[in-house]
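One structure is given here, and the rest of the page talks about it.
The following block contains the structure:
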């Protein structure tokens with residue numbers, strides 16, 4: 176039973192270790208989701224920056240179109256062209272930055288997905304192997320437990336049989352002892368009766384001896400009297 180208890184404790188410790196590993200994997204998955212959310216937020220910021228740049232460019236063009244004067248129309252137009260070129264350059268840089276950010280997000284997401292998938296697959300394989308090993312151990316323990324229960328049942332049956340044999344032997348010895356006590360008591364009763372009869376016989380013999388002594392004395396007295404009578 177101690178060996179079975181030790182095996183059960185080892186199985187429970189192994190299951191706890193695999194649960195801890197599963198919890199660590201879940202924590203890493205949560206961290207990966209958090210990082211991905213942060214990257215998505217950065218992408219959203221970049222998209223908002225592009226939209227703001229586009230709006231700024233449109234607003235600048237509109238303002239430049241509403242402020243021209245007839246005296247400096249050409250200069251204003253030139254400045255507008257320069258501003259538009261600058262805005263286009265800014266927009267191109269922003270678009271390039273957005274594309275680069277999107278590419279980095281895609282690369283990071285791809286790498287993250289690849290690493291997570293690989294790690295998850297490895298963890299899953301380890302978990303499956305652990306579960307298979309734990310299942311095999313549990314089945315072995317169940318088989319050992321079944322064997323132990325069978326042995327225990329056989330031992331209980333044997334103990335029951337021994338108890339029945341012991342009870343039968345005890346009953347027999349008790350009956351024999353009771354019979355012996357009864358026989359001893361009967362023998363004591365017979366011996367007491369015999370002793371009583373012996374005492375009565377001894378009393379009768381004593382009385383007979385006493386009568387014989389009396390008769391002998393009388394006979395002697397008669398003899399003496401006869402001799403005395405013959406002498407006269």
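Residue numbers (this note's numbering): 176 to 407. A virtual CB, placed ideally from N, CA and C, is assigned to each residue, including glycine. A quick note: this is a predicted structure, and the numbers were derived from the prediction, not measured.
Hey, how far is the Cα of residue 313 from the Cα of residue 320? 10 Å
Chain-order list of residues whose beta-carbon lies under 7 Å from that of residue 246 (same chain, five-residue window excluded): Because residue 246 sits at a pLDDT of 48, beneath the cut-off of 50, its placement in the model cannot be relied upon, and the point is left open.
In angstroms, rounded to a whole number, what distance separates the CA positions of residue 413 and residue 327? Given that the chain is displayed from residue 176 to residue 407, the structure contains no residue 413 and the question cannot be resolved.
Quick one: using the 10 Å Cβ neighbour count with 16 as the cut-off for buried, is residue 216 buried or exposed? exposed
Status (buried if at least 16 other CB within 10 Å, exposed otherwise) for residue 298: buried
Rounded to a whole number of angstroms, what is the C-alpha to C-alpha distance between residue 341 and residue 300? 59 Å
Backbone CA spacing between residue 391 and residue 383 [nearest angstrom]: 12 Å
Pull up the distance between the alpha-carbon of residue 347 and that of residue 310, whole angstroms please. 54 Å
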